Structure formats: C-alpha cells, structure tokens
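Asker: Got a structure here, written out as structure tokens. Questions coming.
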Amino acid sequence: MKSMRILLTGASGQVGGELLRRLRAMPARIEVIAPTHAQLDLADLAALRAAVRHAQPDLILHPAAYTAVVKAESEPQLARRLNAEAPAVLAEEAARLGAALVHFSTDYVFDGRHDGRYTEDMPTNPLNVYGATKREGELAIAASGAAHWILRTSWVYNLAGNNFMKTAIRLAQQKESYTIVGDQLGAPTWASTIAAVCCRMLAGTDGGREKVAVTSGIYHLTAGGATSWHGYASLIARELMARGVTLKLKGLEQITPVPTSSYPTPPERPLNSRLDCSKLERSFGLTLPAWDEDALACLQQIIAHYQLDQGRLLPD
1 MKSMRILLTG
11 ASGQVGGELL
21 RRLRAMPARI
31 EVIAPTHAQL
41 DLADLAALRA
51 AVRHAQPDLI
61 LHPAAYTAVV
71 KAESEPQLAR
81 RLNAEAPAVL
91 AEEAARLGAA
101 LVHFSTDYVF
111 DGRHDGRYTE
121 DMPTNPLNVY
131 GATKREGELA
141 IAASGAAHWI
151 LRTSWVYNLA
161 GNNFMKTAIR
171 LAQQKESYTI
181 VGDQLGAPTW
191 ASTIAAVCCR
201 MLAGTDGGRE
211 KVAVTSGIYH
221 LTAGGATSWH
231 GYASLIAREL
241 MARGVTLKLK
251 GLEQITPVPT
261 SSYPTPPERP
271 LNSRLDCSKL
281 ERSFGLTLPA
291 WDEDALACLQ
301 QIIAHYQLDQ
311 GRLLPD
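Going letter by letter, the sequence shown gives residues 1 to 316 in the UniProt record's numbering.
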C-alpha cells in the first residue's frame, strides 16, 4: 500500500475502531483522519461535505451508520439522513476528488425469504426502516460515479461496543434459564475480521482508488458458515462453562429456542441473513474464517479483558 490519506468515519464504533487500530499499525506514510462525533456530526450534511473537501482524502472508509433497528422505526428521518443521505454526500465528494469510497452495509437489505445464501446480484426487499435506508445509501453510491466497494456484513460483534455476544454473556451470568430466537439464520461476524479483510483488499493500492475502481461494486463479507441466534448463544454459554466463568445458567438445555413470532414487536427482521461471500473470496484471493472460530477467539478476549474467569460480571 503506497502513500495514502484516509478519511475514516465511525472510529468509535465496532468496525471503525478496528479499522483505526489496524490503519495506525501500518507504515507512517498512511495518514488517517478520524474525526469524533463531537468534531463531525454526520447528520450535518453541509459540515460533512466541508470536512471531506478539507481532508482531501485518497480513500474514504465509511462504517458509521444509524444501526438502532428498533429506534429507526420512530426516527425514520434521522435514519435516512445518516444511512442514505450522508453516504450520498461522501460518494459525490469522492467522485469529485477522484477518491475511492468503501461503504459498509447490511444483510437487512434482504427480506430473508430466500432459501439459500444471498448473492450480491439478488433482488433486495428490506423489511424495516433500517434496511430500507441502508439500501437507499447503496443505490446513491452506485449512481455517484465514484470508485467504490459496498461491503455487506451481518451480526457484527467485537470486544468493544454493544452486541449480541455481550448480551448472551450477561444472560448466562444473570439468569438460570432464558429463551433465544432459533429460526433466524446468519453468520456472526467479528469486527476485527471485517477490518482485516478490508485492509487486505486494499493492500497494494495506490491511494486506494485504482484497485477499487477496477473492482467497484457490492461484496458480501461475513464469517464462514451460519447459525441461529440460539446456536450462537449456546456456543457462548458452552465456552463460558468450559473456561470456569461463574454463571447462573443451570445448563445448556435451559437455553430454549423459540420462533421469531414469539417476539411480535416491530420491526420485522429477515429470517435468513446468510450471505454468499464467494465473489469476495474469488476476487481477492481470500478465505474467510469460520464464524465459530472467530466467536471463540473474541470471547476469549472478552473473558480476559473483563476477568470473567475470576468471578467478575460483564458490566452493563
């Protein structure tokens, strides 16, 4: 990777934080500009446009988004501003500057009614405001003329941030038994892996644009394999037990799978979030890690970081 100036959004988030960590570990000739929310409110589109013009980046990495799926139903305008209009501004400015844009999207652009894995060219049909606004952002980027990658991922977790892995740990520590949805399928994907794959995709580029320009488009980027939320929670509980973490959970059989219909609260979510990642693997010569191997590696980090194997509870 040659000399590059990178503008990174969402550096305090799960994926953005991992991208920042990896980029800062790269050679000094890479300059990373990562404004905080206090420095740059992405909902202020004029300020966002001005920030891009001031930074003059070769590459824009945009993992920041409005990700509160439930809250988006009552805040559709804000969700649209952050998930559709802000990416459109970034794409317009990238095209004007001759920069490349890497945008992160979601499995929620699909309705989950397909039986197999979704490929990038399959029709989208989001079921909720979050998914609809993310899809609108994708379309704006594709129409902008900017060199771009749109990386769709799913079920993201990390040591930092709020995510299902931490929810599952707290449930096992605080409850003797509980229910978990068992009919939604997807691939839990570690933010560390997303960042690592993105950096490997960019390796060897000159300012980011050339490689992105000749490979522009949508790519699916998730861990390999698939599971249900119940299977995911069970793996976490089993590993916590194996590592001697004190739990209230009486046994794996006390984690009961239930259908999504047991939680009839809006918004609707896709039952099938399995994404076919073969295009990315083939195009960039990569092999994505299995979801359970990554999950166990991240869980080990969480246990060590919070000293859960010494009787401590995961903080809220």
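Note that the Cβ used here is the ideal one computed from N, Cα and C, for glycine as well. Small disclaimer: the values here were computed from a predicted structure and weren't measured.
When the Cα atoms are used, what is the spatial distance from residue 319 to Leu221?
Answerer: With the chain running from 1 to 316 in the structure shown, residue 319 is simply not present.
Asker: Count the other C-beta atoms from every protein chain shown that fall within 10 angstroms of the C-beta of His103, then say buried if there are 16 or more, exposed otherwise.
Answerer: Residue mapping note: residue 103 aligns to position 103 of the sequence shown, counting from 1. Flag for His103 reads buried.
Asker: Alpha carbons only, please: which of Met122, Leu42, Lys134 is nearest the one belonging to Leu90?
Answerer: Position 90 of the sequence shown, counted from the start, is the residue given in the question as residue 90. The candidate whose alpha carbon is nearest that of Leu90 is Leu42.
Asker: Just the C-alpha distance for Arg135 and Asn162, rounded to the nearest angstrom, thanks.
Answerer: Counting from 1 along the sequence shown, the entry for residue 135 is found at position 135. Counting from 1 along the sequence shown, the entry for residue 162 is found at position 162. For Arg135 and Asn162, the distance between alpha carbons rounds to 23 Å.
Asker: Near Glu176, what residues of its chain come up, given a Cβ to Cβ distance below 7 Å and the 5 sequence neighbours on each side ignored?
Answerer: Counting from 1 along the sequence shown, the entry for residue 176 is found at position 176. If we look at Glu176 and ignore the five residues flanking it on each side, its Cβ neighbours are Lys248, Leu249, Lys250, Gln254.
Asker: Under the assumption that Ala140 contacts Pro87 (Cβ atoms under 8 Å), give the Cβ distance between them as a whole number of angstroms.
Answerer: The residue you call residue 140 lines up with position 140 of the sequence shown. The residue you call residue 87 lines up with position 87 of the sequence shown. Correct: roughly 6 Å between the Cβ atoms.
Asker: What is the C-beta distance between Ser192 and Glu18, in whole angstroms, given that I count them as a contact (C-beta under 8 Å)?
Answerer: One-based indexing of the sequence shown puts residue 192 at position 192. One-based indexing of the sequence shown puts residue 18 at position 18. Going by Cβ atoms, the distance from Ser192 to Glu18 rounds to 5 Å, so yes, they are a contact pair.
Asker: What span of residues does the alpha helix (DSSP H) with Arg21 cover, start to end?
Answerer: For this step, residue 21 is matched to residue 21 along the sequence shown. That run of the alpha helix (DSSP H) goes 14 to 24.
Asker: Can you give the Cα-Cα distance for Ala143 and Asp44, rounded to whole angstroms?
Answerer: Indexing the sequence shown from 1 puts residue 143 at position 143. Indexing the sequence shown from 1 puts residue 44 at position 44. Approximately 22 Å, taken between the alpha carbons.
Asker: Taking the Cβ atom as the reference point for each residue, do Pro57 and Ile33 lie within a distance shorter than 8 Å?
Answerer: Taking the sequence shown and counting its residues from 1, the one referred to as residue 57 is at position 57. Taking the sequence shown and counting its residues from 1, the one referred to as residue 33 is at position 33. Yes, the Cβ-Cβ distance between Pro57 and Ile33 is below 8 Å.
Asker: When you compare only the Cα positions, how much space is there between Ala65 and Leu78?
Answerer: As a working note, residue 65 is residue 65 in the sequence shown. As a working note, residue 78 is residue 78 in the sequence shown. Answer to the nearest angstrom: the Cα atoms are 10 Å apart.
Asker: Could you give the DSSP three-state label for Met4: helix, strand or coil?
Answerer: Here residue 4 corresponds to residue number 4 of the sequence shown, with the count starting at 1. Met4: strand per DSSP, three-state reduction.
Asker: Between the C-alpha atoms of Arg22 and Val197, what's the straight-line distance to the nearest angstrom?
Answerer: In the sequence shown, residue 22 corresponds to position 22, counting from 1. In the sequence shown, residue 197 corresponds to position 197, counting from 1. Their Cα atoms are separated by approximately 11 Å.
Asker: Would you mind stating whether Arg274 and Leu151 have Cβ atoms separated by less than 8 Å?
Answerer: Taking the sequence shown and counting its residues from 1, one reaches residue 274 at position 274. Taking the sequence shown and counting its residues from 1, one reaches residue 151 at position 151. The answer is no: Cβ separation not under 8 Å.
Asker: Going by other Cβ atoms of all chains shown within 10 Å of its Cβ, with 16 needed for buried, is His148 buried or exposed?
Answerer: In the sequence shown, the residue the question calls residue 148 occupies position 148. The residue is buried, with at least 16 neighbouring Cβ atoms inside 10 Å.
Asker: Just how far apart, CA to CA, sit residue 356 and Ala47?
Answerer: No information on residue 356 is available, as it lies outside the stretch 1 to 316 that the chain covers here.
Asker: Between Asp292 and Arg243, how many whole angstroms is the CB-CB distance? I'm expecting something under 8 Å.
Answerer: For the purposes of this step, residue 292 is taken as residue 292 along the sequence shown, with counting starting at 1. For the purposes of this step, residue 243 is taken as residue 243 along the sequence shown, with counting starting at 1. 15 Å between Cβ atoms; not a contact.
Asker: Looking at C-beta atoms only, is the number of pairs between the segment 262 to 281 and the segment 160 to 174 that lie closer than 8 Å three or more?
Answerer: Judged by Cβ distances under 8 Å, the segment 262 to 281 makes no contact with the segment 160 to 174, as fewer than three pairs qualify.
Asker: Rounded to whole angstroms, what's the CA-CA distance from Ala160 to Arg24? Just pull it up for me.
Answerer: By 1-based counting over the sequence shown, the position of residue 160 is 160. By 1-based counting over the sequence shown, the position of residue 24 is 24. One C-alpha to the other measures close to 18 Å.
Asker: For Thr9, I'd like the list of residues in its chain whose CB is within less than 6 Å of its CB, leaving aside the five on either flank, ordered along the chain.
Answerer: For the purposes of this step, residue 9 is taken as the residue at position 9 of the sequence shown. Taken in chain order, the residues that qualify are His62, Ala64.
Asker: Helix, strand or coil, according to DSSP, for Asn125 in the structure here?
Answerer: Within the sequence shown, numbered from 1, the residue matching residue 125 stands at position 125. DSSP places Asn125 in coil when its eight states are reduced to three.
Asker: Using 8 Å as the threshold, is the C-beta distance between Ala223 and Pro267 below it?
Answerer: To locate residue 223, count along the sequence shown from 1; it is residue 223. To locate residue 267, count along the sequence shown from 1; it is residue 267. Result no, Cβ atoms of Ala223 and Pro267 do not sit closer than 8 Å.
Asker: Along the alpha helix (DSSP H) that carries Gly231, what are the first and last residues, could you check?
Answerer: Within the sequence shown, numbered from 1, the residue matching residue 231 stands at position 231. Its alpha helix (DSSP H) spans residues 229 to 242.
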